Amino acid sequence: MNDRRLSFGLTGIALATLAGATLLYSGGGPLGGAISGGFGGWNPVLAAIARALTVPIATGGISDVRDVMPLVGLGCAALLIAFTAPRMGRSLWHSYGEASPGLRWLISITVLILITGMASAWSNDSMHLSRGWLIRFAAGAGWAWLLGRYLPAGAVRSVAVGMLALGVAACGLALAHRSGLGVRYFSWPIGTLTITAALASVWTAMAGGWLISPRQTASHAAAARASRADAAGHVEARRFAREAVIMGLVLVAGGIAAYVLQQSGRRAALLGCLAGVALIGAFRLWIGGAVASRGRVVRRGLVIVAGAVVLASAAWYVQRERASGQRERAIPVALRFSYLRLCGELIRANPLLGIGPDMTVVDMTNAVAPLRADMPHRYHGTIDAAVHNEWAQAAVELGVPAAILYLALPIGIVVIALRSAASHLRFEISKRDGSAAAFSVKAMVALAAGVVAIVVTEAGSITLRGPMMPPWYWTMLGLLVAAGRSRPATLSASAGDESAPAAASPAQSPAASTSGPKSSAAKAEPVHGSSPGSPSLSSSGKIIGIVAALVCAIVVHREYLAATAESVAYSSREADTDKLNVVARLYSEKTILARFQAAELALARAQAAPRRPSGSAAFPDDDAEYLRKAVLSWSELYEEIPGLAGVMENYARALLLARKPSEARFVLRRAIEEKLDPYSAGVNVLYASLSGMPPLEKYRCVQRALRASAMDEDLVTILREVADDSEVIQVIASDFDAAQRLRSKASDQHDFNGVALEAMRIRAFLDWKSGLISNALTFQDWGAQAYQSLEETDDPHRRASAAETDAFEQLAHMCIDMWRSFIPREIPESEPAMNPMRGIDEALRAIRAAERYAVLGLPHDRLAHPQPELGFVFGEVMPTAFPERLRPLWRFSALLHLTAGKDQFIDYRIYFSLPPEQWTPQAMQREMAALAQEAVAELSRLPANLRPKHFAGLQALASGAIPR
Numbered sequence: 002m003n004d005r006r007l008s009f010g011l012t013g014i015a016l017a018t019l020a021g022a023t024l025l026y027s028g029g030g031p032l033g034g035a036i037s038g039g040f041g042g043w044n045p046v047l048a049a050i051a052r053a054l055t056v057p058i059a060t061g062g063i064s065d066v067r068d069v070m071p072l073v074g075l076g077c078a079a080l081l082i083a084f085t086a087p088r089m090g091r092s093l094w095h096s097y098g099e100a101s102p103g104l105r106w107l108i109s110i111t112v113l114i115l116i117t118g119m120a121s122a123w124s125n126d127s128m129h130l131s132r133g134w135l136i137r138f139a140a141g142a143g144w145a146w147l148l149g150r151y152l153p154a155g156a157v158r159s160v161a162v163g164m165l166a167l168g169v170a171a172c173g174l175a176l177a178h179r180s181g182l183g184v185r186y187f188s189w190p191i192g193t194l195t196i197t198a199a200l201a202s203v204w205t206a207m208a209g210g211w212l213i214s215p216r217q218t219a220s221h222a223a224a225a226r227a228s229r230a231d232a233a234g235h236v237e238a239r240r241f242a243r244e245a246v247i248m249g250l251v252l253v254a255g256g257i258a259a260y261v262l263q264q265s266g267r268r269a270a271l272l273g274c275l276a277g278v279a280l281i282g283a284f285r286l287w288i289g290g291a292v293a294s295r296g297r298v299v300r301r302g303l304v305i306v307a308g309a310v311v312l313a314s315a316a317w318y319v320q321r322e323r324a325s326g327q328r329e330r331a332i333p334v335a336l337r338f339s340y341l342r343l344c345g346e347l348i349r350a351n352p353l354l355g356i357g358p359d360m361t362v363v364d365m366t367n368a369v370a371p372l373r374a375d376m377p378h379r380y381h382g383t384i385d386a387a388v389h390n391e392w393a394q395a396a397v398e399l400g401v402p403a404a405i406l407y408l409a410l411p412i413g414i415v416v417i418a419l420r421s422a423a424s425h426l427r428f429e430i431s432k433r434d435g436s437a438a439a440f441s442v443k444a445m446v447a448l449a450a451g452v453v454a455i456v457v458t459e460a461g462s463i464t465l466r467g468p469m470m471p472p473w474y475w476t477m478l479g480l481l482v483a484a485g486r487s488r489p490a491t492l493s494a495s496a497g498d499e500s501a502p503a504a505a506s507p508a509q510s511p512a513a514s515t516s517g518p519k520s521s522a523a524k525a526e527p528v529h530g531s532s533p534g535s536p537s538l539s540s541s542g543k544i545i546g547i548v549a550a551l552v553c554a555i556v557v558h559r560e561y562l563a564a565t566a567e568s569v570a571y572s573s574r575e576a577d578t579d580k581l582n583v584v585a586r587l588y589s590e591k592t593i594l595a596r597f598q599a600a601e602l603a604l605a606r607a608q609a610a611p612r613r614p615s616g617s618a619a620f621p622d623d624d625a626e627y628l629r630k631a632v633l634s635w636s637e638l639y640e641e642i643p644g645l646a647g648v649m650e651n652y653a654r655a656l657l658l659a660r661k662p663s664e665a666r667f668v669l670r671r672a673i674e675e676k677l678d679p680y681s682a683g684v685n686v687l688y689a690s691l692s693g694m695p696p697l698e699k700y701r702c703v704q705r706a707l708r709a710s711a712m713d714e715d716l717v718t719i720l721r722e723v724a725d726d727s728e729v730i731q732v733i734a735s736d737f738d739a740a741q742r743l744r745s746k747a748s749d750q751h752d753f754n755g756v757a758l759e760a761m762r763i764r765a766f767l768d769w770k771s772g773l774i775s776n777a778l779t780f781q782d783w784g785a786q787a788y789q790s791l792e793e794t795d796d797p798h799r800r801a802s803a804a805e806t807d808a809f810e811q812l813a814h815m816c817i818d819m820w821r822s823f824i825p826r827e828i829p830e831s832e833p834a835m836n837p838m839r840g841i842d843e844a845l846r847a848i849r850a851a852e853r854y855a856v857l858g859l860p861h862d863r864l865a866h867p868q869p870e871l872g873f874v875f876g877e878v879m880p881t882a883f884p885e886r887l888r889p890l891w892r893f894s895a896l897l898h899l900t901a902g903k904d905q906f907i908d909y910r911i912y913f914s915l916p917p918e919q920w921t922p923q924a925m926q927r928e929m930a931a932l933a934q935e936a937v938a939e940l941s942r943l944p945a946n947l948r949p950k951h952f953a954g955l956q957a958l959a960s961g962a963i964p965r
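So for the sequence shown, this note's numbering puts the first residue at 2; every next one is plus one.
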């Protein structure tokens with residue numbers, strides 16, 4: 002009875018853990034932005050499902066609940082096993098010696114990796130960030146061990162079928178959600194496109210492995226026929242119906258997951274799926290027929306040759322993608338090779354123990370920062386927590402020896418499982434187990450295919466570094482170990498496997514050989530009595546299980562506190578100092594970002610405090626505790642991860658607030674000279690504000706900032722201060738000439754890595770403010786076209802999206818000013834085709850280009866059925882993030898579209914120009930009327946006979962305006 006409860010309990014816990022790690026949400030959930038906006042496009046049924054899958058816990062991230070699911074599963078399983086597992090009377094060492102090969106491999110390799118990981122963390126003094134990885138790895142290994150040791154082998158198939166059913170549900174919801182939104186890629190319920198594709202790869206490989214796995218041998222078939230002849234008709238019918246349902250589920254899972262994988266377009270996941278299925282095909286060819294060895298050498302030779310061809314083809318494919326002329330295909334591959342190069346440098350510096358578990362986020366972010374500054378579109382983002390190759394990252398963090406073990410863990414378990422499957426297929430099994438063994442082999446082979454898919458996918462992906470893939474990975478390893486415990490009778494008699502059934506005696510009665518399921522289960526898992534002198538593991542096992550469950554509960558509670566504290570800090574800019582004490586998370590990236598957020602909060606509170614007159618005190622603020630906390634927090638981040646964007650700027654800001662300008666000067670100079678954050682507007686504005694800064698250096702600060710930023714008020718103020726300096730005037734002229742040569746490609750060296758091009762935007766702005774509108778428009782157009790050329794030619798030094806957006810947005814403003822300056826009073830007879838709206842149309846083209854570059858720099862969805870004739874934004878892509886800094890852009894775009902009579906998608910532009918809390922139809926209508934008033938005022942500049950046809954409609958719309 003205990004064995005039955007253990008089987009059902011572990012099966013339910015395993016499937017619940019996988020479902021929670023794959024589908025659950027927390028915090029605001031996936032509906033937050035869409036529902037508040039009123040135009041998210043969610044299907045009501047899917048919205049109800051999304052709400053049901055959202056745990057009512059206030060967390061900073063909408064999927065933080067998934068971080069703890071492996072620990073929840075491990076804790077529940079430990080409690081279950083503590084009270085239902087059979088009594089064991091052998092010593093731990095004796096149990097290890099008699100364990101199955103797969104279980105011994107799992108225990109040995111994971112213990113060695115854990116020991117090496119702890120040694121690496123201690124030697125690198127990184128335990129404060131590495132402990133999360135160690136906990137996650139120990140939890141995953143412990144979960145796999147519990148499944149491999151205690152899950153009955155007969156339950157493996159049930160769990161595997163449940164995993165495929167979960168895949169069907171997840172893929173079905175993903176397809177329905179994508180169809181409802183009308184977008185190209187998937188975002189719910191699993192998550193981002195990368196993890197969706199990776200899991201689809203696993204499900205496809207599992208289904209493919211199940212379908213192409215070897216059939217029963219001749220002896221199995223004979224045994225099955227004998228069993229069917231002796232069985233009752235209705236029992237056989239139920240068994241046949243059950244097997245037909247399972248096969249139908251496998252077909253559906255394979256089909257829907259393969260379609261999701263194909264639609265995702267993720268090459269690493271596709272290669273992983275193909276590798277998993279190919280391995281099973283090779284396995285079937287390798288073992289050949291049931292018993293006969295005819296042609297074995299030829300078959301295995303074909304497998305070896307085919308394997309070599311596959312590896313060579315994969316290498317050729319990767320190289321072809323790397324050399325592809327298409328940016329979407331070539332840049333990701335080139336980025337991965339660049340990460341591998343940086344990994345090689347880190348490995349050479351720390352070959353034995355690495356840099357510490359989960360410390361890639363620190364060392365790689367610092368190493369990539371100079372590259373990201375020069376090539377923001379190649380190295381996008383602000384932090385590098387993964388290198389897109391799990392096995393190379395293991396070598397970086399743990400050292401080469403541990404990385405070899407880390408990769409050998411899944412490979413060894415797969416090899417042992419496939420050998421066990423081959424043993425089942427080659428040797429005689431009892432009549433009763435013939436059909437069940439064949440289906441157990443299918444489940445084993447399917448799981449092996451899934452593990453191989455993960456191993457290959459992770460050579461070019463990052464999913465094992467997230468919270469969703471590890472539960473699947475460790476569960477499949479545990480299931481393979483559990484399935485490998487059951488061995489054929491002819492082998493188990495001599496193998497000494499603790500879970501192998503005793504060999505049937507030739508004199509055994511037919512009744513004994515065909516005993517019921519309970520009897521065969523008891524044979525499969527024999528219970529040994531206590532031997533003299535060996536400690537009984539019944540009570541100690543319960544204690545270990547309870548302690549393990551308590552440890553998991555403590556870690557889960559700690560992570561919950563950290564996630565909710567992050568949510569409080571995120572939603573409130575005023576908090577007590579005790580809320581600034583960051584609790585370490587299970588992921589080092591989240592710990593660092595939480596520390597960053599707490600430091601921001603402390604600095605904001607210190608800046609908001611009243612100021613005293615300058616004095617000798619180091620911290621002259623009324624609320625000195627916040628300033629002390631801010632300086633301390635930023636100094637710690639500065640010492641550890643200065644390459645993280647914003648660290649050096651905010652540390653310098655805190656130092657200036659603490660009246661330490663010399664230290665702030667050193668930090669800012671380092672940010673610029675070492676290219677840790679050289680083009681940040683904040684860094685350059687602070688550096689230019691330091692006392693004693695010469696005018697030329699202030700100009701250089703503006704020039705550097707414009708490479709990655711918009712021309713904001715701070716930069717305008719600095720530029721106006723130095724614009725009349727004679728030396729600055731000469732340098733601007735020289736830089737402008739250099740920029741012209743670069744734009745016209747008259748220079749022998751087309752090096753766009755400097756800041757010469759930014760001189761065009763500076764010259765245009767100065768002429769614009771001086772009233773030279775024609776010159777300003779020409780120069781701004783040159784600068785914008787130069788930026789566009791960098792994008793179209795895929796130059797690695799293409800400017801940041803903020804700079805590209807600002808170049809075209811300012812061009813649109815200048816077009817409007819030019820149009821206002823030359824409004825015709827009447828159309829001359831000599832130019833009957835003259836368009837009085839020409840300036841408006843040019844501004845409209847410029848603002849649409851600005852929208853395009855702005856959205857390319859934001860998270861966005863590509864539409865499933867694009868309509869390029871409607872424009873890039875809303876015709877091909879839909880933005881999914883709406884930062885405050887872009888609200889003026891959206892409002893100005895809405896105004897230009899109304900003025901030009903192009904009111905399609907005007908409601909979206911107006912919504913995006915408003916704060917999210919004002920995303921209501923009433924607020925949109927009020928803003929629409931206000932914009933219509935402004936458009937009428939602009940068009941009223943034209944003579945009545947030159948006004949466009951839509952002018953009357955604008956007047957009608959403006960007449961209902963409500964004061965803002």
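Virtual Cβ for every residue (Gly too), placed ideally from N, Cα, C.
All of these numbers come straight from a predicted model, not from anything done at the bench.
Can you list, in chain order, the stretches of the beta strand (DSSP E) that have 3 or more residues and sit fully within the stretch 724 to 811? none
Which residue from 927, 384, 872 puts its Cα closest to that of residue 856? 872
Within 10 angstroms of the Cβ of residue 31, are there 16 or more other Cβ atoms? Answer buried if so, exposed if not. buried
To the nearest angstrom, report how far apart residue 782 and residue 201 are at their CA atoms. 47 Å
Whole-number beta carbon distance between residue 347 and residue 364, since they are thought to touch under 8 Å: 6 Å
Ignore the nearest five residues each way along the sequence and tell me which others in residue 174's own chain have a CB closer than 6 Å to its CB. 190
Residue 281 versus residue 258 - alpha carbon distance: 18 Å
Runs of alpha helix (DSSP H) lying entirely within the stretch 330 to 382, each at least 4 residues, in chain order: 361 to 375
Sequence ranges, alpha helix (DSSP H) only - wholly within the stretch 144 to 213, length at least 4: 157 to 182, 194 to 213
If you draw a straight line from the C-alpha of residue 849 to the C-alpha of residue 894, how long is it? 8 Å
Could you tell me the alpha carbon to alpha carbon distance between residue 533 and residue 411, rounded to whole angstroms? Confidence at residue 533 is low in this model, with a pLDDT of 36, below 50, so the placement of that residue is unreliable and no value is reported for it.
Select from 209, 272, 277, 283 the residue whose C-alpha is nearest the C-alpha of residue 251. 209
Please report the distance separating the alpha-carbon of residue 458 from that of residue 19. 19 Å
Nearest residue (CA-CA) to residue 911, options 65, 898, 925, 900: 925
Suppose contacts are defined by Cβ-Cβ distances below 8 Å. Is residue 653 in contact with residue 669 by that definition? yes
Grab me the residues of residue 844's own chain with a C-beta within less than 6 Å of its C-beta, minus the 5 sequence neighbours each way, in chain order. 813, 816, 817, 897
How is residue 874 classed by DSSP in three states: helix, strand or coil? strand
Please determine, among 821, 306, 792, the residue with the shortest C-alpha to C-alpha distance to residue 775. 821
Buried or exposed by the 16-neighbour rule on C-beta atoms within 10 Å, applied to residue 394: buried
Within 10 Å of its beta-carbon, does residue 317 have 16 or more other beta-carbons around it, so buried, or fewer, so exposed? exposed
What ranges does the alpha helix (DSSP H) occupy inside the stretch 381 to 422, keeping only unbroken runs of at least 4 residues that lie completely in it? 391 to 399
Look at residue 723 and residue 696 and say whether their C-beta atoms are less than 8 Å apart. yes
Count the other CB atoms, across all protein chains shown, that sit within 10 Å of the CB of residue 397; report buried if there are 16 or more and exposed otherwise. buried
Measuring CB to CB, does residue 560 end up less than 8 Å from residue 465? no
Could you compute how far the alpha carbon of residue 413 sits from the alpha carbon of residue 419? 10 Å
Applying the 10 Å Cβ sphere with the 16-neighbour rule, what's the burial state of residue 123? exposed
Look at the alpha carbon of residue 888 and the alpha carbon of residue 741, and state the distance between them as a whole number of angstroms. 32 Å
Residues in the same chain with beta-carbon distance under 7 Å from residue 878, minus the five sequence neighbours each way, listed in chain order, please. 856, 861, 862, 863, 864
Rounded to a whole number of angstroms, what is the C-alpha to C-alpha distance between residue 691 and residue 726? 18 Å
Buried/exposed call for residue 802, threshold 16 Cβ in 10 Å: buried
Length of the line joining the Cα atoms of residue 800 and residue 823: 33 Å
For residue 153, count neighbouring Cβ atoms within 10 angstroms of its own Cβ and tell me buried if that reaches 16, exposed if not. buried
Provide the residue span of the alpha helix (DSSP H) that contains residue 629, from first to last. 625 to 641
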